[in-house]
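Numbering (this note's numbering), first residue to last: 1091 to 1439. Heads up, the beta-carbon is just placed ideally off N, CA and C, and yes, glycines get one too. All values reported here derive from a predicted model rather than from experimental measurement. Here is the structure we will look at.
Dropping the structure here:
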């Protein structure tokens, strides 16, 4: 923690003129910057060192973005990671630290990298631009579909799944393809929109689905409900025609009462295995450090002969299952899907 006896309490990103109003002279400002008691975020824009220390990666990007946009000589459009920071997306991945702006300029392309940020020339459509806290910014869905053109697909898919939980953002992602089709690396945006799943509930679930897609395997259904005629249990990933479930074992569920969590997990899996469902379990290490091994496990399970299934086994998409469990509809109204079978597979009585 930094301390100083010379400076007043400072909050937020402040301009040089505002610091002077608060009693910070030019000399005191230079001294404070030299001592890192005040940090320069862009030309003429500052933040206190103590406040900077309290910010996480997203908070620091947001502060840099506000400073960079405020110090620019004309009205720019906030884009990329900076746009998502302004929209307040979930902090489930680490953002790039450099602010990104768009210079809306017809008939030209290219970009400029400065000490404090990145500016590119392009012309997004009017409907893709909104305003947040007085700054022009790309709409959340458009910003997400645009970001993947310069960001890794795994990181982008994890974040896009969370962004698409906002139905308006999901619609914005789909609409963005009309414009992005004319921009470089469009296939990456198209891929992201096609494979984003708002029903994915965690980065680990998204990562497991990505590893299957990356290996050219069928895309699983997220968070389907399964059970003997009733949506009894939910699985993270579900390959229906293979009767295969993928389960993401994150650390959070084991923190409070590990023994109980393990017991519930075992009971849940045993119940579904009794109906003929097979499982592939994976964790963070498998999804992020041993991705080829995980893909091979998925592939082997999908290629293996399917065991006999109980006649009572049914499955429901996530929202249908929840509707039944809440009592909004009955099983008679929504009886679920019979797992696809072929004539050479035996069905249990």
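May I ask which residues mark the beginning and end of the beta strand (DSSP E) holding residue i?
i            : result
residue 1121 : Run containing residue 1121: none in the beta strand (DSSP E); it sits in the alpha helix (DSSP H), 1116-1124.
residue 1202 : 1201-1203
residue 1279 : Segment 1276-1285 is the alpha helix (DSSP H) holding residue 1279; no beta strand (DSSP E) there.
residue 1318 : 1311-1318
Please work out which residues of its chain come closer than 6 Å, Cβ to Cβ, to residue i, disregarding the five sequence neighbours upstream and downstream, and give them in chain order.
i            : result
residue 1295 : 1326 and 1338
residue 1448 : With the chain represented from 1091 up to 1439, any question about residue 1448 goes unanswered, as that position is not in the structure.
residue 1269 : 1215
residue 1158 : 1132, 1189, 1206 and 1207
residue 1379 : none
residue 1386 : none
residue 1177 : 1230
residue 1259 : 1230, 1231 and 1253
If we call anything under 9 Å between Cβ atoms a contact, is residue i one with residue j?
i            : j            : result
residue 1206 : residue 1161 : yes
residue 1247 : residue 1189 : no
residue 1243 : residue 1281 : yes
residue 1154 : residue 1132 : yes
residue 1250 : residue 1286 : yes
residue 1316 : residue 1412 : no
residue 1440 : residue 1134 : Because residue 1440 is not part of the residues shown, which for the chain are 1091 to 1439, the question remains open.
residue 1211 : residue 1192 : yes
residue 1220 : residue 1227 : yes
residue 1279 : residue 1289 : no
residue 1368 : residue 1396 : yes
Might you give, ordered along the chain, the residues of its own chain that have their beta carbon closer than 8 Å to the beta carbon of residue i, omitting 5 neighbours on each side?
i            : result
residue 1261 : 1231
residue 1175 : 1148, 1151, 1152, 1155 and 1185
residue 1263 : 1231, 1232, 1234, 1235, 1250, 1253, 1254, 1282, 1283 and 1286
residue 1427 : 1330, 1404, 1405 and 1406
residue 1340 : 1292, 1294, 1373 and 1374
residue 1392 : 1307, 1308, 1329, 1332 and 1334
Leaving aside the five residues before and after residue i along the sequence, list all residues of the same chain whose C-beta is less than 7 Å from its C-beta, in chain order.
i            : result
residue 1303 : 1285 and 1309
Could you tell me the boundaries of the alpha helix (DSSP H) in which residue i lies?
i            : result
residue 1100 : Where residue 1100 is concerned, there is no enclosing alpha helix (DSSP H), given that its DSSP letter is neither H nor E.
residue 1295 : 1293-1304
Please specify which runs of the alpha helix (DSSP H), each continuous and at least 4 residues long, are wholly inside the stretch 1362-1413, giving them in chain order. If we require 4 residues or more, the alpha helix (DSSP H) runs fully inside the stretch 1362-1413 come out as 1374-1378 and 1381-1393.
Length at least 3, wholly inside the stretch 1115-1188: the beta strand (DSSP E) runs in chain order: If we require 3 residues or more, the beta strand (DSSP E) runs fully inside the stretch 1115-1188 come out as 1128-1132 and 1135-1138.
Return the chain-ordered ranges of every alpha helix (DSSP H) run that is complete within the stretch 1203-1280 and spans a minimum of 4 residues. DSSP runs (the alpha helix (DSSP H)) wholly in the stretch 1203-1280: 1230-1237, 1243-1253 and 1257-1270.
Does the count of Cβ pairs from the stretch 1414-1425 and the stretch 1312-1321 closer than 8 Å reach three? Result yes; three or more Cβ-Cβ pairs closer than 8 Å.
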